[in-house]
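Residue numbers (full-length UniProt numbering): 1 to 190.
Beta carbons: idealized from backbone N, C-alpha and C, even for Gly.
Note that the coordinates shown come from a computational prediction; the quantities given were computed from them, not determined experimentally.
Laid out in structure tokens, this is it:
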């Protein structure tokens, strides 16, 4: 997605959760090259950014290193999370974010369950992705062409999240086409 789209997404995420630079811990799932992590870094105490692609992790780690950001503030990991206590040193997070990656997933239900696992009690899962569309979005990775409110809410509720809400964001440009974005939010019970 274009950089201006990421700024819009970061602003929407900030509106969806009361970030605190002294206390908020964040897991950025499917972080890619780190635009969301870097955008939210000033508002978080600690970020762990995870992606399954080593090339993305290497690129992001180099940027973090070049900017002199300490690893205890922003740590980048290459992993395919499964939702086990042994992963990420057993760390749990106030917020888990996933931006523009759900449409790449084989099972949003399974992944939502894994992401909910990494939340602290009372923590929030925030997902931004494409709303259902009949337009094909050309990309070299097979994926779905968006989600309905019902699909996302069912995945969140199936993962045990409560206070689930779904908000349509403004449209964005992606691969030369206009797509509608949503932000979904769910809370892990305390």
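{"Item": "Own chain, CB closer than 7 Å to residue 54, minus 5 neighbours either side, in chain order", "Value": "78"}
{"Item": "Beta-carbon contacts of residue 40 that lie in its chain and below 8 Å, excluding the five residues immediately before and after", "Value": "10, 13, 14, 19, 26, 28, 47, 97"}
{"Item": "Inter-stretch contact (C-beta, 8 Å, three-pair minimum) for the region 144-159 and the region 179-189", "Value": "yes"}
{"Item": "Residue 88 versus residue 127 - alpha carbon distance", "Value": "20 Å"}
{"Item": "Cβ pair count under 8 Å reaching 3, the region 116-125 against the region 158-169", "Value": "yes"}
{"Item": "Boundaries of the alpha helix (DSSP H) in which residue 166 is found, first to last residue", "Value": "First-last for residue 166: 161-174, but that is the beta strand (DSSP E), not the alpha helix (DSSP H)."}
{"Item": "Straight-line Cα distance separating residue 190 from residue 213", "Value": "Limits of the chain in this structure are 1 at one end and 190 at the other, which puts residue 213 out of reach."}
{"Item": "Distance between residue 64 and residue 80 (C-alpha atoms, nearest Å)", "Value": "21 Å"}
{"Item": "Nearest to residue 131 (by Cα), restricted to the options 157, 99, 7", "Value": "99"}
{"Item": "Residue 34 to residue 177 span [Cα, whole Å]", "Value": "23 Å"}
{"Item": "Collapsed DSSP secondary structure at residue 75 in the structure displayed", "Value": "strand"}
{"Item": "Given residue 23 as reference, the closest of 145, 44, 36 once Cα atoms are compared", "Value": "44"}
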